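Notes follow once the structure below has been shown.
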Amino acid sequence: MPTTGPINGTLLKVYRDTGSSTFVALGHATTNSFSASHSPRSITSQDSGGNDESLEGLRSYSISVSGFVADDATEGVAEYLDALISNSDRGAITWQYTTNVTGDRLISGDGWIESIEKSNGGPEETATFNISIKVTGAITATTVSV
Numbered sequence: 454m455p456t457t458g459p460i461n462g463t464l465l466k467v468y469r470d471t472g473s474s475t476f477v478a479l480g481h482a483t484t485n486s487f488s489a490s491h492s493p494r495s496i497t498s499q500d501s502g503g504n505d506e507s508l509e510g511l512r513s514y515s516i517s518v519s520g521f522v523a524d525d526a527t528e529g530v531a532e533y534l535d536a537l538i539s540n541s542d543r544g545a546i547t548w549q550y551t552t553n554v555t556g557d558r559l560i561s562g563d564g565w566i567e568s569i570e571k572s573n574g575g576p577e578e579t580a581t582f583n584i585s586i587k588v589t590g591a592i593t594a595t596t597v598s599v
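One rule links them: number in our numbering = place in the sequence shown (from 1) + 453.
Rendered as structure tokens:
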């Protein structure tokens, strides 16, 4: 049964395929976002009567995640950095964005790790990370099933 009412943000996570379609949530994340945009193409001409006209254009998507650095996390910032600096992967990932609750929305696709930032936060503060993922190609939007 899908989540009723507003979704608790704690449930919404970014998952990465760690091999053989095994998706693991990025550990110790505190915030995340999925962004979708559309850039219609201009078809305004001298025949447009002074009106701006456009048609469909490129769609683009991105994901960003922030959280706490924990080197003992099953899937943490260290694993994303390993994927980014790997000569074979070069930051290519397959991802999911979901609550993982049956009936809720599941968005998935492929992407490239675009940037990783680690910060110490200052004396006696918790170390943090920011990861940015540029989605490539089409995305799939389905629902979580058992």
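We treat Cβ as the ideally placed atom computed from N, Cα and C, and that holds for glycine. Just so you know, these numbers come straight off a predicted model, no measurement behind them.
#1: Quick one: what's got a C-beta closer than 7 Å to Glu567's C-beta in the same chain, skipping five residues either side?
#2: Which first and last residues belong to the alpha helix (DSSP H) in which Asp525 is found?
#3: Using only alpha-carbon positions, find the residue among Ala580, Ile460, Ser473 and Val599 that is nearest to Gly529.
#4: What whole-angstrom Cβ distance do Thr527 and Gly462 have, given they're in contact under 8 Å?
#5: I need the straight-line Cα distance from Val467 to Asn540, nearest angstrom please.
#6: Would you say the beta carbon of Ala591 is closer than 7 Å to some non-hydrogen atom of the ligand HEM?
#7: What residue does the alpha helix (DSSP H) around Ala489 start on, and which one ends it?
Taking the definition as stated:
#1: The residue given as residue 567 occupies position 114 in the sequence shown. Cβ within range, chain order: Ser585, Ile586 and Lys587.
#2: Mapped onto the sequence shown, residue 525 falls at position 72. Asp525 -> no alpha helix (DSSP H), and no H or E assigned at all.
#3: By one-based count along the sequence shown, residue 529 stands at place 76. Among Ala580, Ile460, Ser473 and Val599, the Cα nearest to that of Gly529 is on Ala580.
#4: Indexing the sequence shown from 1 puts residue 527 at position 74. Indexing the sequence shown from 1 puts residue 462 at position 9. Actually they are not in contact, since the Cβ atoms of Thr527 and Gly462 sit about 21 Å apart, beyond 8 Å.
#5: Here residue 467 refers to the residue found at position 14 when the sequence shown is read from its first residue. Here residue 540 refers to the residue found at position 87 when the sequence shown is read from its first residue. Cα to Cα, the separation comes out at about 24 Å.
#6: Because no ligand of any kind appears in the structure shown, any question about the ligand HEM cannot be addressed here.
#7: The residue given as residue 489 occupies position 36 in the sequence shown. It is not in any alpha helix (DSSP H) - Ala489 instead sits in the beta strand (DSSP E) that spans Ala482 to Ser495.
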